[in-house]
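All residue numbers for the sequence shown refer to this note's numbering, where the first residue is -10 and numbers rise by one. Backbone N, C-alpha and C fix where the C-beta goes; we use that ideal spot for every residue, glycine too.
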Amino acid sequence: MGEHAQSGESRQRLLYLLKRGYSAGKAELDEVVRQHGLTTSDFTILSFLKRLAPCSAADLARAQRVTPQAATQQLAQLREKGLIDSEISEINRRISLISMTPEGHARFEAVNAQARQLEEDITAGLDEEERKTLRDLLARLVVAMEARGQAIDDK
-10 MGEHAQSGES RQRLLYLLKR GYSAGKAELD EVVRQHGLTT SDFTILSFLK
40 RLAPCSAADL ARAQRVTPQA ATQQLAQLRE KGLIDSEISE INRRISLISM
90 TPEGHARFEA VNAQARQLEE DITAGLDEEE RKTLRDLLAR LVVAMEARGQ
140 AIDDK
């Protein structure tokens, strides 16, 4: 069975394997973020804020590839949890610049550390070169897939 099962697995569709991996990983990440009173969407937006803050809601929406309305809803939930704050831009007073509060930073860092450990656990069977190759290939795949999506959206 081992050899036959292995060859059968190697013939599985790439999209199927990606979905299975995503589903399993997301389920574990959901549990991690839930322990900190967050959702996976909360963690995602905090991740973007870590890199972009201070920034506008429109900047966050573009970076996440979501609608401004979706970003605004997510930000309202984070504001209610006391994880983000905003201030009026000195350059353009119509724009609010969003950043994480100290509590937002603390929760983000706690979840991020556990997420990093989860990634290490998931890839424990790979050596460092294989991990790098996997990341590089997945990053290239994402760029190619997003380019296809963008091309479709532009039509």
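Apart from sequence neighbours up to five positions away, the residues of its chain that approach residue 78 with a beta-carbon distance below 6 Å are 84 and 86, ordered along the chain.
In the DSSP annotation of this structure, residue 111 is not part of any beta strand (DSSP E); the continuous alpha helix (DSSP H) holding it starts and ends at 91 to 111. The beta-bridge partner set that DSSP reports for residue 88 consists of 74.
Counting other Cβ atoms within 10 Å of its Cβ, residue 1 stays below 16 and is therefore classed as exposed. The way I'd put it, the region 122 to 136 doesn't touch the region 33 to 43; fewer than three beta-carbon pairs between them come closer than 8 Å.
Counting the other CB atoms within 10 Å of its CB gives residue 116 a total below 16, which places it among the exposed residues. Taken in chain order, the unbroken stretches of beta strand (DSSP E) that lie wholly in the region -1 to 86 and span 3 residues or more are 73 to 77.
About 4 Å separates the beta carbons of residue 50 and residue 60, which is inside the 8 Å limit, making them a contact pair.
Distance between residue 76 and residue 118, taken at the CA atoms: about 44 Å. With 16 or more other Cβ atoms inside 10 Å of its own Cβ, residue 96 counts as buried.
DSSP places residue 115 in the coil class of the three-state scheme, outside both helix and strand.
Residue nearest to residue 29 within the set 6, 103 and 92 is 103 (criterion: CA-CA distance).
By the beta-carbon neighbour count (other beta carbons within 10 angstroms, threshold 16), residue 80 is exposed. The beta carbon of residue 67 is closer than 8 Å to those of 31, 34, 35, 73 and 93 in its chain, skipping five residues each way along the sequence.
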